[in-house]
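Chemist:
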Amino acid sequence: MAAAGGYYLGVDLSTQQLKAIAIDDNLNVIHETSVKFDDDLPEFGTQDGAHVHSDKLTVTTPVLLWVKALDMLLERMKISNFDFSKLKSLSGTGQQHGSVYWKEGAIQTLKNMPDDRSLHQILETSFAVKESPIWMDSSTTEECLQLEKSVGGPQNLADITGSRAYERFTGNQIAKINKKNPEDYKKTERISLVSSFVASLFLGDYAAIDYSDGSGMNLMDIRAHNWSQRCLDACAPGLKEKLGAPLPSHSILGSVSPYYVKRFGFNSECKVIAFTGDNPASLAGMQLQRGDIASTIFLRLGFPVVSMRLFIEFFSFKNGSLTREKIRDESASGSWDEFAKALKATCPGNNGNLGFYFDVMEITPAVVGIHRFNAKNCKVSKFPKEVDVRAVIEGQMLAKRAYAEKLGFEVLKDTRVLATGGASSNPDILQVLADVFNAPVYTRDTTNSACLGCAYRAKHGLQAASGQSFADTMKNAPEPKVAVTPACEVDKVYGPMLARYMELEKLVRNNC
Ligand code: XUL
4 MAAAGGYYLG VDLSTQQLKA IAIDDNLNVI HETSVKFDDD LPEFGTQDGA
54 HVHSDKLTVT TPVLLWVKAL DMLLERMKIS NFDFSKLKSL SGTGQQHGSV
104 YWKEGAIQTL KNMPDDRSLH QILETSFAVK ESPIWMDSST TEECLQLEKS
154 VGGPQNLADI TGSRAYERFT GNQIAKINKK NPEDYKKTER ISLVSSFVAS
204 LFLGDYAAID YSDGSGMNLM DIRAHNWSQR CLDACAPGLK EKLGAPLPSH
254 SILGSVSPYY VKRFGFNSEC KVIAFTGDNP ASLAGMQLQR GDIASTIFLR
304 LGFPVVSMRL FIEFFSFKNG SLTREKIRDE SASGSWDEFA KALKATCPGN
354 NGNLGFYFDV MEITPAVVGI HRFNAKNCKV SKFPKEVDVR AVIEGQMLAK
404 RAYAEKLGFE VLKDTRVLAT GGASSNPDIL QVLADVFNAP VYTRDTTNSA
454 CLGCAYRAKH GLQAASGQSF ADTMKNAPEP KVAVTPACEV DKVYGPMLAR
504 YMELEKLVRN NC
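Take 4 as the starting number for the sequence shown in my numbering and just add one per residue.
Dropping the structure here:
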């Protein structure tokens, strides 16, 4: 067990930024730093952390941007006098499904990193594929059909891996690279997920993929907790060797590479705990209890991985914060204050006006475009500005509730909605969330629940070795606080509106 007085670090490589949160032994946050890709690393020319290719379906991020971001993050922590020597362990998380292709020989480079050079300089030529496919990619429909066919259909694939084939899932992305750029695939000695890639950088060795993030690849037999040979064979040759064996999410992978000890003053005993996907990490950060709803995902603790994957599937929306920002720019002069005024100037239910704002192809429903309906269910091309603002927020919240209910969730008297992510610091948006769910919304001091969850996981990783559960580690963690409660009688508005939302969604789906 870890001695008192230590620090634990969580790292989160999300779509738009790299973040770090350190906690002390009492689980208090003692340090937060971030690197924003577009602003801090403009030389890579990303927009919102990604390159959207001309087909509008292929979405990638340069892998060296991520490497350089880690250099920058650690430098910033050093400049702010963060005491790396007190770190007992670290863990982390990454946007799910994205993949990194290490070139032949990269392992030797990783194991022998000279401390007088930046990671970016050291690893410049270590990747066989320079642009890593990320979760926003939807260019692999052909590969998905092929994979489902090879195992006897979508249901069979779901029985094995927990999910039917999805374009962004890593197996289909790997199949595309093997088909379109076979030379790059051949030159690849190891494939990491975004999460295990960052773990590898800290470890100075290839880090295992954890079971949880591994279950979002369409490649893992989730009951056997190992790769399904049938799925591997359907995607690309020799894949098992390139992926390495998956491990439980609390595994201690080893100590940090001597590179970090010499360059930043890490403790040489600082352990690297397996990294995982951002959705499971968020659950750890939010300390969900049975029956709670998380605003980005939903889960009742205790379900097996297969159900958890399904929940994450239903609760992943591509059109979240970026779509809200677009409507803020178009209808609220680019200002959150104006956006809040518009929400206050309109009433719950928006006088029957309802909208679907899918700026990019949504995951569920697979629909793109903006579809606005007036109270008579007639499609209209525009709303007045303040109506547009309320419609985008109500539409997003109604979608969350509709999908939660589809999975059998009922709002009970003691239901809590736990909000995370950027919008959780905006009380006017949270009010709509509380009203739509007719339940109080709770938040934590940090909006970075995935990152914080990994700082907790880092601590738990050390204690798990002596049999402690995650709940034991979290016993004295600060509780989330009530941020807003639902307005009176608001369920009378949103109950019927939810039914209308589902009807109109069907219409939109059929018309697209
Ligand atoms: C989950 C998914 C997204 C990414 C975002 O299946 O695609 O939530 O994990 O980072």
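C-beta: ideal position from N, C-alpha, C; glycine also. These figures come from a predicted structure and were not determined experimentally.
(1) Assuming G424 and T450 are in contact, meaning their beta carbons sit under 8 Å apart, how far apart are those beta carbons, in whole angstroms?
(2) Classify C491: buried if its beta carbon has 16 or more other beta carbons within 10 angstroms, exposed otherwise.
(3) For N282, which of helix, strand or coil comes out of DSSP?
(4) Report whether the distance from the Cβ of G425 to the nearest heavy atom of the ligand XUL is below 7 Å.
(5) Please state the DSSP three-state secondary structure of S92.
(6) Which complete alpha helix (DSSP H) runs does the region 91–172 hold, if anything under 4 residues is left out?
(7) What does DSSP give as the partner residue(s) for M220 in the beta ladder?
(8) Secondary structure at G247, three-state DSSP: helix, strand or coil?
(9) At a cut-off of 7 Å, is W138 close to the ligand XUL when judged by its beta-carbon and the heavy atoms of the ligand?
(10) Which partner residues of N229 appear in the DSSP bridge assignment?
(11) Would you tell me roughly how many angstroms separate the C-alpha atoms of G352 and L436, rounded to the nearest one?
(12) Is H463 helix, strand or coil by DSSP?
(13) When the Cα atoms are used, what is the spatial distance from H123 to E413?
(14) Please tell me whether, using a cut-off of 7 Å, the distance from the CB of R404 to the nearest non-hydrogen atom of the ligand XUL is below it.
(15) Between R167 and the ligand XUL, is there a pair consisting of the residue's CB and a ligand heavy atom that are separated by less than 7 Å?
(16) In angstroms, rounded to a whole number, what distance separates the CA positions of A426 and V55?
(17) Grab the span of the alpha helix (DSSP H) containing Y209 for me, first residue to last.
(18) Just how far apart, CA to CA, sit E316 and R171?
(19) Is the Cβ-Cβ distance between A210 and L256 less than 8 Å?
(20) Buried or exposed for I276, going by 16 or more other Cβ atoms inside 10 Å?
(21) With DSSP as the reference, identify every bridge partner of H54, one or two as the case may be.
(22) What does the alpha-carbon distance come out to for the pair T143 and S57?
(23) Less than 8 Å between the CB atoms is what I'm expecting for V392 and A335, so what's the real figure, rounded?
(24) Taking the alpha-carbon positions, what's the V201 to T112 distance?
(25) Using three-state DSSP, classify Q176 as helix, strand or coil.
(26) Take A343 and list the residues in its own chain whose beta-carbon comes closer than 7 Å to its own, dropping the five residues that flank it on each side.
(27) Are G464 and S92 closer than 8 Å when you measure CB to CB?
(28) In angstroms, rounded to a whole number, what distance separates the CA positions of R266 and D213?
(29) What separation, rounded to the nearest whole angstrom, lies between the Cα atoms of F306 and V103?
(30) Helix or strand or just coil, what does DSSP make of I255?
(31) If you count every other CB in all the chains shown that lies within 10 Å of the CB of I82, and 16 or more means buried, which is it?
(32) Within 8 Å, do at least three Cβ pairs link the region 501–508 to the region 395–410?
(33) Count the CB pairs spanning the region 19–37 and the region 471–483 that are closer than 8 Å, and state whether there are at least three.
(34) At a threshold of 7 Å, does D281 count as lining the ligand XUL (C-beta to nearest heavy atom)?
(35) Any idea which residues DSSP pairs E35 with across the strands?
(36) So what's I82 in DSSP terms, helix, strand or just coil?
Modeler: Taking the coordinates as given:
(1) Position 421 of the sequence shown, counted from the start, is the residue given in the question as residue 424. Position 447 of the sequence shown, counted from the start, is the residue given in the question as residue 450. 6 Å between Cβ atoms; contact.
(2) Locating residue 491 in the sequence shown gives position 488, counting from the first residue. Label assigned to C491: exposed.
(3) Sequence index remark: in the sequence shown, residue 282 carries index 279 (1-based). The answer is helix: DSSP assigns N282 an H, G or I state.
(4) Residue numbering aside, residue 425 sits at position 422 when the sequence shown is read from its first letter. No, the Cβ of G425 stays beyond 7 Å of every heavy atom of the ligand XUL.
(5) As a first step, residue 92 is located in the sequence shown; it is residue number 89 there, counting from the start. Strand at S92.
(6) 109–114, 122–125, 144–153 and 157–164
(7) Along the sequence shown, one-based indexing puts residue 220 at 217. Answer by DSSP bridge pairing: none, since M220 is not bridged.
(8) By 1-based counting over the sequence shown, the position of residue 247 is 244. Reduced to three states, the DSSP call for G247 is coil.
(9) Residue 138 sits at position 135 when you count from the first residue of the sequence shown. Yes, since a heavy atom of the ligand XUL falls inside the 7 Å radius drawn around the Cβ of W138.
(10) As a first step, residue 229 must be located in the sequence shown, where it is residue number 226. Bridge partners of N229: D224.
(11) On the sequence shown, position 349 is the one that residue 352 refers to. On the sequence shown, position 433 is the one that residue 436 refers to. Using only the alpha carbons, I get a separation of about 12 Å.
(12) Taking the sequence shown and counting its residues from 1, one reaches residue 463 at position 460. Three-state result, H463: helix.
(13) Taking the sequence shown and counting its residues from 1, the one referred to as residue 123 is at position 120. Taking the sequence shown and counting its residues from 1, the one referred to as residue 413 is at position 410. Taking the straight line joining both Cα atoms gives about 49 Å.
(14) Your numbering for residue 404 matches position 401 in the sequence shown. R404 Cβ: outside cutoff for every heavy atom of the ligand XUL.
(15) For the purposes of this step, residue 167 is taken as the residue at position 164 of the sequence shown. R167 Cβ: outside cutoff for every heavy atom of the ligand XUL.
(16) Within the sequence shown, numbered from 1, the residue matching residue 426 stands at position 423. Within the sequence shown, numbered from 1, the residue matching residue 55 stands at position 52. A426 and V55: Cα-Cα distance of roughly 24 Å.
(17) Sequence index remark: in the sequence shown, residue 209 carries index 206 (1-based). Neither: Y209 is in no alpha helix (DSSP H) and is coded neither H nor E.
(18) Translated into the one-based positions of the sequence shown, residue 316 becomes position 313. Translated into the one-based positions of the sequence shown, residue 171 becomes position 168. With a pLDDT of 47 at E316, under the threshold of 50, the modelled position of this residue cannot be trusted; read the value that follows with caution. For E316 and R171, the distance between alpha carbons rounds to 11 Å.
(19) In the sequence shown, counting from the first residue as 1, residue 210 sits at position 207. In the sequence shown, counting from the first residue as 1, residue 256 sits at position 253. Closer than 8 Å, so yes.
(20) In the sequence shown, counting from the first residue as 1, residue 276 sits at position 273. Buried, since its Cβ has 16 or more Cβ neighbours within 10 Å.
(21) Mapped onto the sequence shown, residue 54 falls at position 51. DSSP, once it has assigned bridges, lists T63 as partnering H54.
(22) By 1-based counting over the sequence shown, the position of residue 143 is 140. By 1-based counting over the sequence shown, the position of residue 57 is 54. Using only the alpha carbons, I get a separation of about 15 Å.
(23) Here residue 392 refers to the residue found at position 389 of the sequence shown. Here residue 335 refers to the residue found at position 332 of the sequence shown. Contact flag correct, Cβ pair sits at about 6 Å.
(24) Residue numbering aside, residue 201 sits at position 198 when the sequence shown is read from its first letter. Residue numbering aside, residue 112 sits at position 109 when the sequence shown is read from its first letter. Roughly 15 Å separates the two Cα atoms.
(25) The residue you call residue 176 lines up with position 173 of the sequence shown. Three-state result, Q176: helix.
(26) Numbered from 1 along the sequence shown, position 340 holds the residue referred to as residue 343. Contacts found: D431.
(27) As a first step, residue 464 is located in the sequence shown; it is residue number 461 there, counting from the start. As a first step, residue 92 is located in the sequence shown; it is residue number 89 there, counting from the start. Yes, Cβ-Cβ distance for G464 and S92 is below 8 Å.
(28) Here the question's residue 266 lines up with position 263 in the sequence shown. Here the question's residue 213 lines up with position 210 in the sequence shown. Taking the straight line from one Cα to the other gives about 28 Å.
(29) Counting from one through the sequence shown, the residue named residue 306 turns up at place 303. Counting from one through the sequence shown, the residue named residue 103 turns up at place 100. In this prediction, F306 scores a pLDDT of 33, lower than 50, which makes its location untrustworthy; no coordinate-derived value is stated.
(30) Here residue 255 refers to the residue found at position 252 when the sequence shown is read from its first residue. Three-state result, I255: strand.
(31) Here residue 82 corresponds to residue number 79 of the sequence shown, with the count starting at 1. By the 10 Å Cβ count, I82 comes out exposed.
(32) yes
(33) yes
(34) Here residue 281 corresponds to residue number 278 of the sequence shown, with the count starting at 1. At least one heavy atom of the ligand XUL is nearer than 7 Å to the Cβ of D281, so yes.
(35) Start at 1 with the first residue of the sequence shown, and residue 35 comes out as number 32. I24.
(36) The residue you call residue 82 lines up with position 79 of the sequence shown. In the structure shown, I82 sits in a helix (DSSP, three-state: H, G or I).
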